[in-house]
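Notes follow once the structure below has been shown.
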Amino acid sequence: MTPEREYFNTMILPKFIKKYVGKNTVIDIGKPNDGWGYRHMFNGADYRTLDRQADLSPDIVDDMEDTKLEAEYADVIICNGVIEQCDNPFRLVAGLHKVLKAGGHGLFGIMSVGFPMMQDLDLCRFTPQGVGRLLKDFKIVDTDVREREGVPSYIFVTVQK
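Just so you know, the sequence shown maps onto residues 4 to 164 in our numbering.
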């Protein structure tokens with residue numbers, strides 16, 4: 004497990020859940036049915052995983068870059084480690100903006116330039132400044148930039164619509 008994933012699992016996600024989730028409808032983007040083992044953390048919430056790959060057995064099969072979900076579908080969105088794997092990150096974020104209810108919160112985990120990636124599907128990275136541009140239609144509530152050797156490796160951003 005990378006230091007960034009461990010930090011997300013132990014610090015970022017539990018804090019976000021405690022502050023924003025409650026019994027709300029949550030969509031966790033780019034996850035198989037077990038949400039990478041996160042499902043148990045969302046006690047009381049209507050937690051749903053979403054992925055465009057049906058073979059992963061997510062709760063919802065959909066492509067956020069061209070989502071068929073209705074507007075303002077979810078109270079909370081989580082999108083960790085997905086941005087760098089999509090064809091058009093700006094369309095993905097527009098889809099997330101569409102499905103998030105007004106006043107709802109989102110948690111983004113975005114790999115940056117200093118994160119080593121060994122997957123075939125690694126299409127783009129964002130600097131902290133680029134993340135601000137990517138998420139410009141949301142109100143940024145909190146940002147936590149992790150670094151490796153002085154270079155941003157992962158950017159965790161909490162937003163509100």
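No residue lacks a Cβ here, since even glycine has one placed at the ideal position from N, Cα and C.
For the pair A48 and K18, the CB atoms are not nearer than the 8 Å cut-off. Comparing C-alpha distances from A77 to each of G98, V85, I158 shows the shortest one belongs to G98. Less than 8 Å divides the Cβ of G117 from the Cβ of P155. Under the three-state reduction of DSSP, L110 is assigned to strand. Under a 10 Å Cβ-count criterion, P92 is classified as buried, with 16 or more other Cβ atoms of the shown protein chains found around its own Cβ. Where Y157 is concerned, the enclosing beta strand (DSSP E) starts and stops at 154-163.
Per DSSP, R136 is one residue of the alpha helix (DSSP H) stretching across 131-137. Membership of L53 in the beta strand (DSSP E) is indicated by the continuous run 49-54. L137 and T13 have their C-alpha atoms roughly 26 Å apart. Bridge pairing for D31: T52, I81 [DSSP].
For V144, there is no enclosing alpha helix (DSSP H); the enclosing beta strand (DSSP E) has its first and last residue at 142-151.
Note that the C-beta distance between D31 and Y50 is below 8 Å.
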